[in-house]
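Undergrad:
In my numbering, the protein residues as written are 170 to 499.
As structure tokens, this is what we get:
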């Protein structure tokens, strides 16, 4: 347990306090090199770091012809390592259609909902997932190309509530080399080669060109930029949350904001306060920058209204009123 890879993962765990002593950890297992390596590394580190891996969880999305093969691989891996595996099957395509979201978004929602239930079943305090430095760089570039602000460019967070990502400072290639040295196999997702997918285009075309231009691998530098931006974004979020609490009033029909107070806020804080309000009344629907800008534009007048996911926003003199649609969860 003295490899540089183990040391890097341990540093990440310590830096972000991902797995305090005594933590019970559930690992999300897809069968790919990232989640397989994550499991093996955490098992190696557990006795030194005083946490315990209590189980694995695999969601069969049913989206690929090889989904059952992936499930069978995960069952075999769990058996070899004497770990309990919770498996659930989901109809991601049907969920996406009924919720009006993309397949990718539907898969993400269903996966994290399942992981939360699985964690409860084994009394896990944390859920570890295998996002890597490569994932971080790809996410950053995708957000940048879509014109994201600081929040989007913050990338993937090391921790969100109970979900932790101990591999965010590690490259995919290093994880695969580690697995080969341990005699461990993994599953290659054949869809990762499909360049019709924007993330795959970034992975196979954009990043290699950036590496060529820089004369070195750019993933570490991009990940470092995301971390610096994340620090700034978190500070702005804390300021915006204080402003939101001082300006917002919960009503029977949704939420109201004090317009004079809003107009005194700087642009970064104003955007965050409005986004916070829209998410409060969205019923879990996706809210984006376009919706924030549409609501912000209302403040230039004395009246007006705009429909956003989960609610209608109306400007009524000194009050910005968010009327939550019936059926949207509060």
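No residue lacks a Cβ here, since even glycine has one placed at the ideal position from N, Cα and C.
This one's a predicted model, so the numbers in the text were calculated from it and none came from an experiment.
Can you list, in chain order, the residues of its chain with a C-beta nearer than 6 Å to that of residue 280? Leave out the 5 residues immediately preceding and following it.
TA: Counting from one through the chain shown, the residue named residue 280 turns up at place 111. Only 228 meet the Cβ criterion.
Undergrad: Can you name the residues that DSSP bridges to residue 384?
TA: As a first step, residue 384 must be located in the chain shown, where it is residue number 215. Its beta-bridge partners do not exist; DSSP assigns none.
Undergrad: Please go through the same chain and pick out, in chain order, the residues whose beta-carbon is closer than 7 Å to the beta-carbon of residue 268, but skip the five residues on each side of it.
TA: By 1-based counting over the chain shown, the position of residue 268 is 99. If we look at residue 268 and ignore the five residues flanking it on each side, its Cβ neighbours are 275.
Undergrad: Here's the rule I'm using: 16 or more other beta-carbon atoms within 10 Å means buried, otherwise exposed. How should residue 404 be labelled?
TA: Position 235 of the chain shown, counting from 1, holds the residue named residue 404. Per the 10 Å Cβ criterion, exposed.
Undergrad: Report the CB separation of residue 427 from residue 478 in whole angstroms; it is logged as a contact under 8 Å.
TA: As a working note, residue 427 is residue 258 in the chain shown. As a working note, residue 478 is residue 309 in the chain shown. That belief does not hold up - the Cβ atoms of residue 427 and residue 478 are roughly 23 Å apart, past 8 Å.
Undergrad: For a test of the three-state rule: what should DSSP assign to residue 227, helix, strand or coil?
TA: On the chain shown, residue 227 is found 58 positions in, with the first residue counted as 1. If DSSP states are grouped into helix, strand and coil, residue 227 belongs with the strands.
Undergrad: Could you tell me the boundaries of the alpha helix (DSSP H) in which residue 343 lies?
TA: Along the chain shown, read from residue 1 onward, the residue named residue 343 stands at position 174. Segment 341–351, the alpha helix (DSSP H) holding residue 343.
Undergrad: Let's test the definition: count the other Cβ atoms within 10 Å of the Cβ of residue 425 and tell me whether it reaches 16, buried, or not, exposed.
TA: Sequence index remark: in the chain shown, residue 425 carries index 256 (1-based). Result: buried.
Undergrad: Please report how far the alpha carbon of residue 481 lies from the alpha carbon of residue 242, in whole angstroms.
TA: Working through the chain shown from its first residue, we reach residue 481 at position 312. Working through the chain shown from its first residue, we reach residue 242 at position 73. Going from the Cα of residue 481 to the Cα of residue 242 covers about 47 Å.
Undergrad: Which residues in the same chain as residue 316 place their Cβ atom closer than 8 Å to its Cβ, once the five residues preceding and following it in sequence are excluded?
TA: Counted from its first residue, the chain shown places residue 316 at position 147. Hits under 8 Å: 458.
Undergrad: From the DSSP output, in three-state form, read off residue 354 for me.
TA: One-based indexing of the chain shown puts residue 354 at position 185. Coil at residue 354, not helix or strand.
Undergrad: In terms of residue numbering, what span does the alpha helix (DSSP H) encompassing residue 419 cover?
TA: Within the chain shown, residue 419 is the residue found at index 250, counting from 1. Per DSSP, residue 419 belongs to no alpha helix (DSSP H); it is in the beta strand (DSSP E), 417–420.
Undergrad: Output the distance between the C-alpha atoms of residue 451 and residue 441, rounded to the nearest integer angstrom.
TA: Residue mapping note: residue 451 aligns to position 282 of the chain shown, counting from 1. Residue mapping note: residue 441 aligns to position 272 of the chain shown, counting from 1. About 15 Å.
Undergrad: Three or more C-beta pairs under 8 Å: does that hold for the stretch 287–301 against the stretch 370–377?
TA: They do not touch, by the three-pair rule.
Undergrad: Is the CB-CB distance between residue 192 and residue 294 below 8 Å?
TA: The residue you call residue 192 lines up with position 23 of the chain shown. The residue you call residue 294 lines up with position 125 of the chain shown. Cβ atoms of residue 192 and residue 294: closer than 8 Å.
Undergrad: Counting beta carbon pairs with one atom in the stretch 248–261 and one in the stretch 222–237, are three or more of them shorter than 8 Å?
TA: Touching, yes.
Undergrad: Take the Cβ of residue 414 as the centre, count every other Cβ of all protein chains shown within 10 Å, and call the residue buried at 16 or more, exposed below.
TA: By one-based count along the chain shown, residue 414 stands at place 245. With fewer than 16 Cβ atoms within 10 Å of its Cβ, residue 414 is classed as exposed.
Undergrad: For the beta strand (DSSP E) that residue 430 lies in, which residues bound it at each end?
TA: In the chain shown, residue 430 corresponds to position 261, counting from 1. Segment 428–432 is the alpha helix (DSSP H) holding residue 430; no beta strand (DSSP E) there.
Undergrad: Can you tell me which of the three DSSP states residue 489 falls into?
TA: Residue 489 sits at position 320 when you count from the first residue of the chain shown. Strand, per DSSP.
Undergrad: To the nearest angstrom, how far is it from the Cα of residue 333 to the Cα of residue 304?
TA: In the chain shown, counting from the first residue as 1, residue 333 sits at position 164. In the chain shown, counting from the first residue as 1, residue 304 sits at position 135. Cα to Cα, the separation comes out at about 14 Å.
Undergrad: Which whole-angstrom value is the C-beta distance of residue 399 and residue 347, which I expect to be below 8 Å?
TA: Translated into the one-based positions of the chain shown, residue 399 becomes position 230. Translated into the one-based positions of the chain shown, residue 347 becomes position 178. Not quite, the Cβ-Cβ distance comes to about 27 Å (not below 8 Å), so this is no contact.
Undergrad: Shorter than 7 Å, the distance from the beta carbon of residue 483 to the closest heavy atom of the ligand FMN, or not?
TA: No copy of the ligand FMN appears in this structure; indeed no ligand is present at all.
Undergrad: Quick one: is residue 381 buried, meaning 16 or more other Cβ sit within 10 Å of its Cβ, or exposed?
TA: Within the chain shown, the letter at position 212 stands for residue 381. Burial call: exposed.
Undergrad: Output the distance between the C-alpha atoms of residue 499 and residue 418, rounded to the nearest integer angstrom.
TA: Mapped onto the chain shown, residue 499 falls at position 330. Mapped onto the chain shown, residue 418 falls at position 249. For residue 499, the predicted model reports a pLDDT of 49, less than 50, meaning its position is unreliable and no value from the coordinates is stated.
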